[in-house]
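Below is one structure, written out as structure tokens; comments come after it.
Protein chains: 2
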Amino acid sequence: MRILVLGGDGYLGWPTALHLSARGHDVTVVDNFARRNWDDELGSHSLTPIRSLQERVVAWHAISGRSIHVAIGDLCDATFLEPLIRSTLPETVVHFGEQRSAPYSMIDRRHAVFTQQNNVVGTLNLLYAIAEHAPDCHLVKLGTMGEYGTPNIDIEEGYITIEHRGRRDTLPYPKQPGSWYHASKVHDSTNMLLACRIWGLRATDLNQGVVYGVETPETTLDERLCTRFDYDGVFGTALNRFLVQAVVGMPLTVYGRGGQTRGFLDIRDTLACVELAILNPAERGEMRVFNQFTEQFNVAGLAEAVQGAARQFGIEAQIEHLPNPRVEREEHYYQAANTRLLDLGLQPHMLSDTLLESVMQLVMRHRDLVRPALIMPAVNWRKTHNPASVSDIAPVGASS
Amino acid sequence: MRILVLGGDGYLGWPTALHLSARGHDVTVVDNFARRNWDDELGSHSLTPIRSLQERVVAWHAISGRSIHVAIGDLCDATFLEPLIRSTLPETVVHFGEQRSAPYSMIDRRHAVFTQQNNVVGTLNLLYAIAEHAPDCHLVKLGTMGEYGTPNIDIEEGYITIEHRGRRDTLPYPKQPGSWYHASKVHDSTNMLLACRIWGLRATDLNQGVVYGVETPETTLDERLCTRFDYDGVFGTALNRFLVQAVVGMPLTVYGRGGQTRGFLDIRDTLACVELAILNPAERGEMRVFNQFTEQFNVAGLAEAVQGAARQFGIEAQIEHLPNPRVEREEHYYQAANTRLLDLGLQPHMLSDTLLESVMQLVMRHRDLVRPALIMPAVNWRKTHNPASVSDIAPVGASS
Numbered sequence: 007m008r009i010l011v012l013g014g015d016g017y018l019g020w021p022t023a024l025h026l027s028a029r030g031h032d033v034t035v036v037d038n039f040a041r042r043n044w045d046d047e048l049g050s051h052s053l054t055p056i057r058s059l060q061e062r063v064v065a066w067h068a069i070s071g072r073s074i075h076v077a078i079g080d081l082c083d084a085t086f087l088e089p090l091i092r093s094t095l096p097e098t099v100v101h102f103g104e105q106r107s108a109p110y111s112m113i114d115r116r117h118a119v120f121t122q123q124n125n126v127v128g129t130l131n132l133l134y135a136i137a138e139h140a141p142d143c144h145l146v147k148l149g150t151m152g153e154y155g156t157p158n159i160d161i162e163e164g165y166i167t168i169e170h171r172g173r174r175d176t177l178p179y180p181k182q183p184g185s186w187y188h189a190s191k192v193h194d195s196t197n198m199l200l201a202c203r204i205w206g207l208r209a210t211d212l213n214q215g216v217v218y219g220v221e222t223p224e225t226t227l228d229e230r231l232c233t234r235f236d237y238d239g240v241f242g243t244a245l246n247r248f249l250v251q252a253v254v255g256m257p258l259t260v261y262g263r264g265g266q267t268r269g270f271l272d273i274r275d276t277l278a279c280v281e282l283a284i285l286n287p288a289e290r291g292e293m294r295v296f297n298q299f300t301e302q303f304n305v306a307g308l309a310e311a312v313q314g315a316a317r318q319f320g321i322e323a324q325i326e327h328l329p330n331p332r333v334e335r336e337e338h339y340y341q342a343a344n345t346r347l348l349d350l351g352l353q354p355h356m357l358s359d360t361l362l363e364s365v366m367q368l369v370m371r372h373r374d375l376v377r378p379a380l381i382m383p384a385v386n387w388r389k390t391h392n393p394a395s396v397s398d399i400a401p402v403g404a405s406s
Numbered sequence: 007m008r009i010l011v012l013g014g015d016g017y018l019g020w021p022t023a024l025h026l027s028a029r030g031h032d033v034t035v036v037d038n039f040a041r042r043n044w045d046d047e048l049g050s051h052s053l054t055p056i057r058s059l060q061e062r063v064v065a066w067h068a069i070s071g072r073s074i075h076v077a078i079g080d081l082c083d084a085t086f087l088e089p090l091i092r093s094t095l096p097e098t099v100v101h102f103g104e105q106r107s108a109p110y111s112m113i114d115r116r117h118a119v120f121t122q123q124n125n126v127v128g129t130l131n132l133l134y135a136i137a138e139h140a141p142d143c144h145l146v147k148l149g150t151m152g153e154y155g156t157p158n159i160d161i162e163e164g165y166i167t168i169e170h171r172g173r174r175d176t177l178p179y180p181k182q183p184g185s186w187y188h189a190s191k192v193h194d195s196t197n198m199l200l201a202c203r204i205w206g207l208r209a210t211d212l213n214q215g216v217v218y219g220v221e222t223p224e225t226t227l228d229e230r231l232c233t234r235f236d237y238d239g240v241f242g243t244a245l246n247r248f249l250v251q252a253v254v255g256m257p258l259t260v261y262g263r264g265g266q267t268r269g270f271l272d273i274r275d276t277l278a279c280v281e282l283a284i285l286n287p288a289e290r291g292e293m294r295v296f297n298q299f300t301e302q303f304n305v306a307g308l309a310e311a312v313q314g315a316a317r318q319f320g321i322e323a324q325i326e327h328l329p330n331p332r333v334e335r336e337e338h339y340y341q342a343a344n345t346r347l348l349d350l351g352l353q354p355h356m357l358s359d360t361l362l363e364s365v366m367q368l369v370m371r372h373r374d375l376v377r378p379a380l381i382m383p384a385v386n387w388r389k390t391h392n393p394a395s396v397s398d399i400a401p402v403g404a405s406s
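Same order as they appear, the protein sequences are chains A and B.
Each residue of the first sequence is one higher than the one before, counting from 7 in my numbering.
Each residue of the second sequence is one higher than the one before, counting from 7 in my numbering.
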């Protein structure tokens, strides 16, 4: 199958491209290296040393004999995207090509506007290009479980049947995103539903949970194929932060009370879910939503799990509660459906001490590269100006 | 009260600015003349001859002795908007400053992207400027009843209490916008709710129905104060189109079966609703939604009402059903709540033959100015390329 992987140089995009190439698909990676630029901006880095996209593709060819094509450009640039779709006529587009960090979007007005513009316009351009040149193409788009927020009722998969004043309808599930980034994904979902309705496109929105893990069957074939590991306060997840903090002897910093519950999944399950969506495409006119996670955890529970794993290596990690830099409920009901991918055959990898220990070993291997200044939260939701990196100069007249 | 009226040179913005100035408020009109530019682009015009903003303000001062201040600039330009909010410190911002035509947003990719970028970025910039410089300011933002689409359950005012699997929560009402324009308003609503939650802003989202009528107590004081009357296929409403068609002897063109039901209100009620929202502001942290319409009609019913009004002037208008250029349900349930503004004291003007006849007289006064070529639908929802005006050259390679 001819597949474009948008954002195919990123944390999940690259392993997905490898995985689909290994399965025999004709894969083209599309990227503009925005993620690498944000490292430059923030003074951050991947703890795992990642190679250039060109080196990655050469290494993959040497190892597997398979070619991954590359197209470098910005989805917001229609003069790049439209001829790309017209000339490649993809059967599937897997769309990871968005700014994916909530804290990055909350740095200040400029970063908020950038995130929404980049994500919304890129996806709008894509919807038009598909409608014009490849209307039968299946769009597999990465959304986020964060679109739903933390409602006091069960979270369903994209839609909910509501009985109201004696009538009934199945409607898009109400969304309560908690950052400009999460809101951008809600905007995308709204736009995709409209495009499927008016043009008969086919789309699957993968509302993904928090992904953990670094290694996949393909990335471990050669060190040149490894993917990113982010642990900084802007792009790193809480779990990665805890693992690095344990290894370098810092306390594990839980934001607020730590009762924040979210859905999680193993990076290998991300690949499996994307593949299941591709092999079982949406119908023409259908905008399908899958909740893509395998287990629910709260932040305090994750910290305790890391504490336990660290003990296996003789590390006694402390847990410290910080004032929460985010605006979010710290104790709340959370029960989200995730049966649609299981029904398609997903065999989940559960978060176990084994996985935590293997990632902790990887962190220990690279512990000399850890930059402790990157770990603490850099972005406060309540402020309209946040320094984007430790070297930033506060804007003159920053009032909050 | 210090009030900014964003988009204060437009169809509703200008009468609102006049009305608030007449009530003794200190009014500043903010506009970038985008609406006048779109006329230039489309070859369209207001049937009523409108004056420049500068002439309008001079005339108003001559007639009322009151000053309306003017600030010319683009809300998407933060270097304009931020110092404006900082220097004027408004107590209320009334935000009409968006691209408001569904067909305009559906012309092609460029117009879709422009609409979403213009509306979403302008409002995001505004939210940041208010949070930074005037956090107690009440934002009164124009939304649209079109955010809800046509669900098979009653439409509530912004939020709905859902009972689901034995639990209950009040959540944002599910949205099903039918155009990129309507979607942009949904995006705005999502962003405003987030801003109120994280920064404690106060906002009222006025989900307005279709407005009819041209004259208000202030605009009729002098012909130089009149506001726009749009009848073209892009910016005109169905009712205005029918009135003009009757006057020039064309059949009244109903899109599809004509069972499309929407909420409507008189332009004088728009002014009253905005004023009620201003005088009864939202609380800090509250994102309040009012459904702003007074009556529901379907399109076929409107055509018949115009047919009846035309008969008073000896005109026998025919009704013709066109293939619907939009993608929408043509027969559907529609029952929307609108009690919150009534509870604040709104005294609605109902659509009666009297109103239709007075607008028809206005059209007859200007019938020599009518350009029949503008009246027919120019934009088809199913196409990704539509000529924006009768003189447009179709893009090379336009495939659908």
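Glycine residues also receive a C-beta, built at the ideal position from the N, C-alpha and C atoms.
The model shown is predicted, which means the values in this text are computed figures rather than measured ones.
Within-9 Å CB hit, Arg8/A to chain B
no
Requested in this report: Within its chain, find whatever has a CB closer than 8 Å to the CB of Ala137/A; leave out the 5 residues flanking it on each side and keep chain order.
Outcome: Ala201, Trp205 and Leu207
*asked:* Let me check one thing: in DSSP terms, what residues is Leu145/B bridge-paired to?
replied: Val99/B and Ala209/B
Residues near Thr222/B by beta carbon distance below 8 Å, same chain, minus five either side
Pro21, Leu24, His25, Thr233, Ile273, Arg274 and Leu277
Q: Let me know if Met366/A comes out buried or exposed under the rule of 16 or more other beta-carbons within 10 Å of its beta-carbon.
A: buried
For my contact list, Phe86/A and Leu12/A are in at a C-beta cut-off of 8 Å; report their separation, rounded to the angstrom. Contact flag wrong, Cβ pair sits at about 12 Å.
(message) From the DSSP secondary-structure annotation, give me the bridge partner or partners of Tyr165/A.
(response) Pro178/A
### Query
Quick one: does the C-beta of Phe270/B sit closer than 8 Å to a heavy atom of the ligand NAD?
Looking at this structure, you won't find the ligand NAD or any other ligand, since it has none at all.
Worksheet item: By DSSP, does Gly155/B sit in helix, in strand, or in coil?
Response: coil
For the candidate residues Tyr218/B, Arg332/B, Arg373/B and Ala288/B, whose alpha-carbon lies nearest to that of Asn392/B?
-> Arg332/B
For the alpha helix (DSSP H) containing Asn392/B, list its first residue and its last residue.
-> It is not in any alpha helix (DSSP H) - Asn392/B carries neither H nor E in the DSSP assignment.
Inter-residue CB distance, Arg412/A and Ala84/B (contact presumed, cutoff 8 Å)
Residue 412/A falls outside the range modelled here, since chain A spans only 7 to 406, and no answer is possible.
Problem - Amino acids of chain A, ordered along the chain, whose beta-carbon sits closer than 8 Å to that of Thr150/B - result: Simply none; closest approach about 14 Å.
Exercise for the section: Would you please verify whether the beta carbon of Arg346/B is less than 9 Å from any beta carbon of chain A? Expected result: no
Problem - His75/A (DSSP reduced to helix, strand or coil) - result: strand
*Among the residues of its own chain, which have a CB less than 7 Å from the CB of Cys143/B, if the five just before and after it don't count?*
Pro96, Glu97, Thr98, Val99 and Ile136
Within chain B, the residues that Pro183/A reaches when beta carbons sit closer than 8 Å: Thr196 and Leu200
Q: Output yes or no for whether 9 Å exceeds the beta carbon distance between Gly155/B and His188/B.
A: yes
Problem - Asn386/B in three-state terms, based on DSSP - result: coil
- Query: To which residues of the same chain is Asp236/A closer than 8 Å at the C-beta, ignoring the five residues directly before and after it?
  - Reply: Tyr17, Ser50, Ser52, Leu53, Gly242, Thr243 and Asn246
Any residues in the segment 95-125 of chain B with a beta carbon nearer than 9 Å to a beta carbon of chain A? Which ones, in chain order?
Met112, Asp114, Arg115, Arg116, Ala118, Val119, Gln122 and Gln123
### Query
Which value, in whole angstroms, describes the spacing of the CA atoms of Val253/A and Glu363/A?
11 Å
Query raised in the report: How about the segment 68-79 of chain B and the segment 375-387 of chain A: do they share at least three Cβ pairs that are nearer than 8 Å?
Result: no
**Q.** C-beta contact flag for Val126/B and Gln122/A at 9 Å
**A.** yes
For Ala404/B, does the count of other Cβ atoms within 10 angstroms reach 16, so buried, or fall short, so exposed? With a pLDDT of 47 at Ala404/B, under the threshold of 50, the predicted position of this residue should be treated as unreliable, though the coordinate-derived value follows. Label assigned to Ala404/B: exposed.
Among residues of its own chain, excluding the 5 on either side of Asp238/A, which ones have a beta-carbon nearer than 6 Å to its beta-carbon? Ser50 and Leu380
8 Å contact criterion, which Gln313/A and Leu271/A should meet: CB distance rounded: Not confirmed; about 22 Å, so no contact.
The beta strand (DSSP E) that contains Phe296/B, what's its start and end? Met293 to Gln298
Presumed contact (8 Å Cβ cut-off) between Met356/B and Glu301/B, rounded CB distance:
6 Å
Give the single residue among Met151/A, Pro157/A, Thr167/A and Gly255/A whose Cα lies nearest to the Cα of Asn158/B.
Thr167/A
For a contact meaning CB atoms closer than 7 Å, what does Ala343/B contact in chain A?
In chain order: nothing, as chain A lies at least about 10 Å away.
**Study point:** Which of helix, strand or coil DSSP assigns to Val333/B
**Key:** coil
Review point. Just curious, the beta strand (DSSP E) that Gln122/B is in, first and last residue?
Key: Looking at the DSSP string, Gln122/B is not in any beta strand (DSSP E); the run it does join, the alpha helix (DSSP H), is Arg115 to His139.
- Task: Evaluate Phe319/B with the Cβ neighbour count: other Cβ atoms within 10 Å of its Cβ, from every protein chain shown; 16 or more gives buried, anything less gives exposed.
- Result: exposed
query: Would the beta-carbon of Ile437/B fall within 9 Å of that of Leu132/B?
result: The structure shown has nothing for residue 437/B, since chain B only spans 7 to 406.
Would you say Ala137/B lies against chain A (beta-carbon separation less than 9 Å)? yes
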